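Worksheet: the structure to be examined is printed underneath.
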Amino acid sequence: MHIGDTIAAAASGSGRGIRAILRLSGPGAHAAIAALGVEVDKLSIGAPRCVTARLTAFPHPLPTLCMVSWAGRSYTGEDSAELLLPGNPFVVRQALRKLLESPGVRHAEPGEFTARAFLNGRMNLDQAEAVGALIGARTREELEAAHRLRDGASGRTAAAWLDEAANLLALVESGIDFTDQEDVTPIDGPALRARLTALRGHTRIGEGERAGAGEARVVLAGAPNAGKSTLFNALLGRARSVASPIPGATRDAIQESLDLGAERVGAGGVALVDLAGLDGALAARGGADAAAQRLAAAAIAAADVVVHCDPTGRFPALPGVEHARAVIRLRTKADLALGAGEESAGAPLRVCALDGRGLGALRRAIADQAFAREARGGVEAALAPRRRSALRRADAALGEALQAVGAGERGALARPEVVAQALREAVDALGELSGRVHPDDVIGRIFATFCIGK
Numbered sequence: 152m153h154i155g156d157t158i159a160a161a162a163s164g165s166g167r168g169i170r171a172i173l174r175l176s177g178p179g180a181h182a183a184i185a186a187l188g189v190e191v192d193k194l195s196i197g198a199p200r201c202v203t204a205r206l207t208a209f210p211h212p213l214p215t216l217c218m219v220s221w222a223g224r225s226y227t228g229e230d231s232a233e234l235l236l237p238g239n240p241f242v243v244r245q246a247l248r249k250l251l252e253s254p255g256v257r258h259a260e261p262g263e264f265t266a267r268a269f270l271n272g273r274m275n276l277d278q279a280e281a282v283g284a285l286i287g288a289r290t291r292e293e294l295e296a297a298h299r300l301r302d303g304a305s306g307r308t309a310a311a312w313l314d315e316a317a318n319l320l321a322l323v324e325s326g327i328d329f330t331d332q333e334d335v336t337p338i339d340g341p342a343l344r345a346r347l348t349a350l351r352g353h354t355r356i357g358e359g360e361r362a363g364a365g366e367a368r369v370v371l372a373g374a375p376n377a378g379k380s381t382l383f384n385a386l387l388g389r390a391r392s393v394a395s396p397i398p399g400a401t402r403d404a405i406q407e408s409l410d411l412g413a414e415r416v417g418a419g420g421v422a423l424v425d426l427a428g429l430d431g432a433l434a435a436r437g438g439a440d441a442a443a444q445r446l447a448a449a450a451i452a453a454a455d456v457v458v459h460c461d462p463t464g465r466f467p468a469l470p471g472v473e474h475a476r477a478v479i480r481l482r483t484k485a486d487l488a489l490g491a492g493e494e495s496a497g498a499p500l501r502v503c504a505l506d507g508r509g510l511g512a513l514r515r516a517i518a519d520q521a522f523a524r525e526a527r528g529g530v531e532a533a534l535a536p537r538r539r540s541a542l543r544r545a546d547a548a549l550g551e552a553l554q555a556v557g558a559g560e561r562g563a564l565a566r567p568e569v570v571a572q573a574l575r576e577a578v579d580a581l582g583e584l585s586g587r588v589h590p591d592d593v594i595g596r597i598f599a600t601f602c603i604g605k
């Protein structure tokens with residue numbers, strides 16, 4: 152697929168209609184429509200412009216509505232144009248033939264317009280796949296799932312994982328390459344192990360391996376000491392997470408399967424996740440605290456349902472929660488009286504995890520949100536094989552890195568070269584997932600499924 156030339160294609164369906172669309176993109180797009188009679192030279196360069204024209208290259212002038220866009224502000228990132236013509240198939244074929252006669256203009260390949268948008272940085276790989284999913288959606292649920300993919304949330308989550316893996320690789324390699332530099336402090340074994348374990352936990356959340364592929368992800372989110380771990384244990388019916396009155400007891404993501412089959416017809420298991428408390432001060436510290444904060448935010452972005460836990464009922468803004476697919480506001484520690492100035496801000500649910508008050512209502516609310524759209528995975532499941540493959544390779548590489556950390560002298564890494572190589576493989580896999588790194592054959596397979604003109 153060569154992107155240096157100009158492409159043209161019909162972007163509307165075949166057959167008769169009121170209107171048909173011809174689309175062009177590339178350096179010669181404006182010259183091609185000018186040859187048909189569109190006075191592009193009279194338009195000021197800048198924002199996209201919509202103009203009416205009469206195409207004079209036909210025996211009888213053809214009334215046309217033309218959208219003209221310039222490089223950097225168009226769908227593809229290139230000079231572009233769209234012609235809205237009368238929907239007579241013969242007229243459309245003749246207009247397209249005249250466009251293809253212009254110097255340097257050729258017929259577009261399937262998916263080439265969206266491929267150019269991706270290659271020119273106008274969208275990431277998930278968003279490009281979502282365009283194809285939008286075109287192929289047959290139900291409202293599939294359409295909504297494609298829109299969720301189009302907003303780029305999963306790509307941002309993968310980018311956060313990629314950044315963490317790349318940071319760890321840089322720290323390990325600095326310890327290999329600059330061992331004789333006194334001012335370079337390489338990461339020690341315990342710190343690396345903690346961060347690798349946290350990262351691997353989040354990538355497994357993304358794959359759904361711990362709780363079973365296809366389960367909805369339900370994340371307990373809130374500030375430190377908001378009662379999330381106590382609630383997590385109460386929902387599971389056993390002590391799985393460390394609950395402590397000391398803020399910050401939870402750092403890693405802890406995930407378990409929660410059966411909600413009795414709460415709603417058609418419901419089943421969900422992946423329940425307990426996260427580190429979200430705190431900007433911890434994020435500013437750097438190190439393991441900052442890594443835990445970044446990965447917690449990434450888990451929220453990847454969640455199907457976020458339970459916003461707050462014992463005060465105020466529900467302050469949390470990173471990523473406002474963009475979550477579904478949010479349940481939950482006042483935790485309902486056995487405690489509200490303090491002066493505290494009030495419940497639209498929290499219909501209240502829970503006391505110590506005595507079980509409100510747990511049944513919370514379970515039903517989670518089931519309603521997680522299973523209300525039974526077809527939520529229709530589009531996403533069709534796109535899942537590429538993600539699962541990348542996540543499995545990342546998980547395997549992170550596992551190799553953990554095994555190679557070992558226990559050297561004074562906490563030093565036992566086999567830093569092996570750790571670095573495994574992290575490089577993890578970076579490659581996560582880069583493919585986020586769309587930053589991508590084998591050409593993966594790109595080709597994705598856009599080959601598109602129709603011509605998209």
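To convert, note that position 83 of the sequence shown is 234 in our numbering; the numbers rise steadily by one, no gaps.
Glycine included, C-beta positions come from ideal geometry on N, C-alpha and C.
Since the structure is predicted, the reported quantities are computational estimates derived from the model, not experimental observations.
Go ahead and pull the three-state DSSP assignment for residue i.
i           : result
residue 414 : coil
residue 289 : coil
residue 405 : strand
residue 159 : strand
residue 476 : coil
residue 570 : helix
residue 207 : coil
residue 189 : coil
residue 420 : strand
residue 459 : strand
residue 564 : coil
residue 194 : coil
residue 530 : Low local confidence applies: a pLDDT of 47 at residue 530 is under 50, so the model's placement there is unreliable, and no value is given.
residue 508 : strand
residue 200 : strand
residue 464 : coil
Using the Cβ count rule (16 or more neighbours within 10 Å means buried), how would you classify residue i?
i           : result
residue 463 : buried
residue 278 : buried
residue 203 : exposed
residue 379 : buried
residue 169 : exposed
residue 239 : exposed
residue 155 : exposed
residue 207 : exposed
residue 338 : buried
residue 267 : buried
residue 210 : exposed
residue 520 : buried
residue 214 : exposed
residue 193 : exposed
residue 346 : buried
residue 291 : exposed
residue 473 : exposed
residue 158 : buried
residue 523 : exposed
residue 174 : buried
When you compare only the Cα positions, how much space is there between residue i and residue j?
i           : j           : result
residue 430 : residue 225 : 39 Å
residue 468 : residue 321 : 33 Å
residue 263 : residue 351 : 36 Å
residue 317 : residue 579 : 10 Å
residue 248 : residue 280 : 30 Å
residue 409 : residue 340 : 34 Å
residue 548 : residue 166 : 52 Å
residue 564 : residue 551 : 14 Å
residue 406 : residue 545 : 18 Å
residue 241 : residue 171 : 11 Å
residue 372 : residue 301 : 24 Å
residue 246 : residue 285 : 28 Å
residue 509 : residue 515 : 10 Å
residue 216 : residue 181 : 14 Å
residue 385 : residue 450 : 21 Å
residue 442 : residue 315 : 7 Å
residue 220 : residue 176 : 9 Å
residue 228 : residue 185 : 20 Å
residue 506 : residue 389 : 14 Å
residue 364 : residue 543 : Residue placement at residue 364 is poorly supported in this model, since its pLDDT is 44, which falls under 50; the coordinates still yield a value, given next. If I take the Cα positions, the gap works out to 12 Å.
residue 422 : residue 412 : 13 Å
residue 253 : residue 577 : 47 Å
With which residues is residue i paired in a DSSP beta bridge?
i           : result
residue 231 : 176, 220
residue 237 : 170
residue 431 : For residue 431, which the question treats as bridged, DSSP gives no partner whatsoever.
residue 214 : 205
residue 425 : 371, 405
residue 500 : 481
Uninterrupted alpha helix (DSSP H) stretches inside the stretch 257-328 (no shorter than 4 residues) | 263-270, 276-287, 291-301, 304-328
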